[in-house]
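Peer 1: Have a look at the structure that comes next, please.
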Amino acid sequence: MMDASDSADMLEDEKTRTQSVDLNTDTSLVVDISDALSERERVKFTVHTKTTLPVFKESDFSVVREHEEFVWLHDRYVENEEYAGIIIPPAPPKPDFDVSREKLQKLGEGENTMTKEEFQKMKQELEAEYLATFKKTVAMHEVFLTRLAAHPTLRKDSNFNVFLEFKGELNVRGKNKKEKLGGLFKGLAKGVDEVLLSSQKVSEYFEKARKLEGRVASDQDLKTSDLLRYYVRDTDAAKNLLYRRARCLADYENANKALDKARVKGKEIAAAETAQQTASEKFEHISEVAKQELTDFKTRRVQQFRKNMTERAELELKHAKAHMNLLKTTLAQLKEL
91 MMDASDSADM LEDEKTRTQS VDLNTDTSLV VDISDALSER ERVKFTVHTK
141 TTLPVFKESD FSVVREHEEF VWLHDRYVEN EEYAGIIIPP APPKPDFDVS
191 REKLQKLGEG ENTMTKEEFQ KMKQELEAEY LATFKKTVAM HEVFLTRLAA
241 HPTLRKDSNF NVFLEFKGEL NVRGKNKKEK LGGLFKGLAK GVDEVLLSSQ
291 KVSEYFEKAR KLEGRVASDQ DLKTSDLLRY YVRDTDAAKN LLYRRARCLA
341 DYENANKALD KARVKGKEIA AAETAQQTAS EKFEHISEVA KQELTDFKTR
391 RVQQFRKNMT ERAELELKHA KAHMNLLKTT LAQLKEL
C-alpha cells in the first residue's frame, strides 16, 4: 500500500506536525525519523542523527531500527537504578495494521464483484486509513527518541549511543519472512473513468465532502486523541517515578530503624550507620532529581497541549477553506448545467 518513496514524502510533509515539545534547546544531539517502510508485520524506521558530541564517530548518520529495538532501549532505562529519579519517556505503542490488512484482504477477495469505480473508491479509503495509522506510528516512535535526546542525563546513556550509531541489528527479536504490505495491492486497477456525466456533479460534491470530513477526523485524532493517549502513558511513567521515590523512602526509614536497634544492642553500629547514610543520600538525590523532573513534566505538558491545539485550529481553518472552495466550485458547475 505504501512504498519507500511514498513514506519518505509523507514524512517530509508531516515533519512539522509530529515534532514534540522539548524544554532543552540544545542542538548538539538532534534525532528524528527521516524515513519509514512498512512491511507485513514490521515497520522499519530510519533513525537519523545529527550531533557535535565527541562520543559519536560521525556527525551525521542513520541506522534502521524496528519497534522491538525501541522497546529494548526503553527497558534498559527502566532497569537502570541510576535513573530512578527520572521520568523515563513511555515506550511507543506497537504498530498495529491488522484492521487494514483484514480490509485489504476482503477487498481483494471481492474485486470481481465490484465495478471499477467502486473498487477504486474502496482502495483510496483503505490507503487513507492506513496512512493515518502509519503517520501516528512514526510520530510516537520519534517522540520517544527526541525526548531521550533532549534530556541532559538520558542522552548520555551508552545503550542510547549504541541504538543510534550501531549499524547492525541489536539482536533483540527473532527474524521472520518479510513481505511488503504494498505488494498486496499488485494487480489492482490503475485508473478511474476519464469522463463523468454532468448529472454526476452533485454526487461528486458529496464524495469530495466525505473525503474532506475524513481528513478532518484524522487530524483531530492525531492532534487530540493521540496526544491524550500519549500523556496517559507519560503520566504512568511519572507515577512510576513517585513509586521509586516511595520505595527509597521506605528503605531509608528501615535503615533508621536498623541503626536504632544496633545502637540499643551496641553491635554493628558502624555498618548500620553506613547503610543509613547511603539510604539517606539515595533518597535525597532521587527527591531532588524527581522535583525537577515533575516540574519539567508539567511545563512540557502545557506546551505540548498548546502546540497541538494551535495546530488543530490551523488545520480546521484549512479544511474549512477547502470546503468553502468545494462549495463554490460545485455551485459554478451546477449553474453551467
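All residue numbers for the sequence shown refer to the working numbering, where the first residue is 91 and numbers rise by one.
Note that beta-carbon positions come from the ideal geometry of N, C-alpha and C, so glycine has one too.
Here the structure is a predicted model, which is why all the values come from computation and not from measurement.
If you pair each beta-carbon of the region 246 to 261 with each one of the region 181 to 193, do three or more pairs fall below 8 Å?
Peer 2: Verdict: no, contact absent.
Peer 1: For Ala380, name the three-state secondary structure that DSSP assigns.
Peer 2: Helix at Ala380.
Peer 1: Cα separation between Ala361 and Phe160?
Peer 2: The straight-line gap from Cα to Cα measures roughly 42 Å.
Peer 1: Rounded to the nearest angstrom, what separates Ile376 and Leu119 at their Cα positions?
Peer 2: Going by the C-alpha atoms only, they are around 26 Å apart.
Peer 1: Check whether the region 207 to 219 and the region 145 to 154 are in contact - that is, three or more C-beta pairs closer than 8 Å.
Peer 2: No: fewer than three Cβ pairs fall under 8 Å.
Peer 1: Classify Thr139 as buried or exposed, calling it buried when 16 or more other Cβ atoms lie within 10 Å of its own Cβ.
Peer 2: Label assigned to Thr139: buried.
Peer 1: Just to confirm, is the Cβ distance from Ala174 to Leu331 under 9 Å?
Peer 2: The answer is yes: Cβ separation under 9 Å.
Peer 1: Looking at Glu374 and Ile177, is the spacing between their C-beta atoms short of 9 Å?
Peer 2: In this structure, Glu374 does not lie closer than 9 Å to Ile177 by Cβ.
Peer 1: Would Leu163 be called buried (16 or more neighbouring beta carbons within 10 Å of its own) or exposed?
Peer 2: Buried, because 16 or more other Cβ atoms sit within 10 Å of the Cβ of Leu163.
Peer 1: Tell me the residue span of the alpha helix (DSSP H) that contains Leu260.
Peer 2: Element bounds for Leu260: n/a, residue is neither H nor E.
Peer 1: Look at the alpha carbon of Glu426 and the alpha carbon of Leu194, and state the distance between them as a whole number of angstroms.
Peer 2: If you take the alpha carbons of Glu426 and Leu194, they lie about 39 Å apart.
Peer 1: Mapping the DSSP letters down to three states, classify Ser149 as helix, strand or coil.
Peer 2: Of the three classes helix, strand and coil, the one that applies to Ser149 here is coil, per DSSP.
Peer 1: Nearest to Asp150 by alpha carbon, out of Glu172, Lys355 and Thr117?
Peer 2: Answer by Cα proximity: Thr117.
Peer 1: Is it buried or exposed for Val121, if we count other Cβ within 10 angstroms and need 16 for buried?
Peer 2: Under this definition Val121 is a buried residue.
Peer 1: Report the option in Asn261, Arg319 and Thr141 whose CA atom is closest to the CA atom of Val227.
Peer 2: Going by the sequence as given, residue 227 is Thr instead of Val. For the residues Asn261, Arg319 and Thr141, the minimum Cα distance to Thr227 belongs to Arg319.
Peer 1: Between Ser370 and Arg353, what straight-line distance do the alpha-carbon atoms span, to the nearest angstrom?
Peer 2: Near 18 Å, if we compare the C-alpha coordinates of Arg353 and Ser370.
Peer 1: If distances are taken between C-alpha atoms only, which option among Glu208, Thr325, Arg166 and Ala240 comes closest to Leu260?
Peer 2: Nearest option by C-alpha distance: Arg166.
Peer 1: State the start and end residues of the unbroken beta strand (DSSP E) segment that holds Thr136.
Peer 2: Here the beta strand (DSSP E) through Thr136 covers Val133 to Thr141.
Peer 1: Keeping to the same chain, check which residues put their C-beta closer than 8 Å to that of Phe234; ignore five residues upstream and five downstream.
Peer 2: Correct list, in chain order: Phe160, His164, Pro179, Pro180, Ala181 and Pro182.
Peer 1: Determine the burial state of Val137: buried for a count of at least 16 other Cβ atoms within 10 Å of its Cβ, exposed for fewer.
Peer 2: Buried is the call here.
Peer 1: Is the beta carbon of Phe187 sitting closer than 9 Å to the one on Arg155?
Peer 2: Contact flag unset, no.
Peer 1: Among Leu405, Glu199, Glu171 and Glu232, whose alpha-carbon lies nearest the alpha-carbon of His157?
Peer 2: Residue Glu232 is the option with its Cα nearest to His157.
Peer 1: Would you kindly report the start and end of the unbroken alpha helix (DSSP H) that includes Ala239?
Peer 2: Here the alpha helix (DSSP H) through Ala239 covers Lys206 to Ala240.
Peer 1: Could you say which of Leu244, Asn202 and Lys211 lies nearest to Glu172 if we only look at CA atoms?
Peer 2: Glu172 has its Cα closest to that of Leu244, out of Leu244, Asn202 and Lys211.
Peer 1: Return the first residue and the last residue of the beta strand (DSSP E) that Leu127 is part of.
Peer 2: It spans Leu119 to Ser128 - the beta strand (DSSP E) in which Leu127 sits, taken as one unbroken run.
Peer 1: Express the C-alpha separation of Gln423 and Val262 in angstroms, rounding to a whole number.
Peer 2: Val262 and Gln423: Cα-Cα distance of roughly 59 Å.
Peer 1: Just the C-alpha distance for Thr236 and Phe250, rounded to the nearest angstrom, thanks.
Peer 2: Those two C-alpha atoms are separated by around 12 Å.
Peer 1: Among Thr368, Val379 and Arg402, which one has its Cα closest to the Cα of Ser315?
Peer 2: Out of Thr368, Val379 and Arg402, Arg402 has the C-alpha closest to the C-alpha of Ser315.
Peer 1: Bridge partners of Arg155, per DSSP?
Peer 2: Answer by DSSP bridge pairing, in chain order: Phe135.
Peer 1: Could you have a look at Thr243 and say whether DSSP puts it in helix, strand or coil?
Peer 2: Three-state result, Thr243: coil.
Peer 1: Could you spell out where the alpha helix (DSSP H) holding Lys355 opens and where it closes?
Peer 2: Lys355 -> alpha helix (DSSP H) spans Asp316 to Lys355.
Peer 1: Taking the alpha-carbon of Asn170 as reference, which of Gln393, Glu404, Arg334 and Lys397 has the nearest alpha-carbon?
Peer 2: The shortest Cα separation from Asn170 among Gln393, Glu404, Arg334 and Lys397 belongs to Arg334.
Peer 1: Under the assumption that Leu339 contacts Gln366 (Cβ atoms under 8 Å), give the Cβ distance between them as a whole number of angstroms.
Peer 2: That belief does not hold up - the Cβ atoms of Leu339 and Gln366 are roughly 13 Å apart, past 8 Å.
Peer 1: Return the residue from the list Phe209, Glu208 and Tyr220 that minimises the CA-CA distance to Glu129.
Peer 2: Considering only alpha carbons, the answer is Tyr220.
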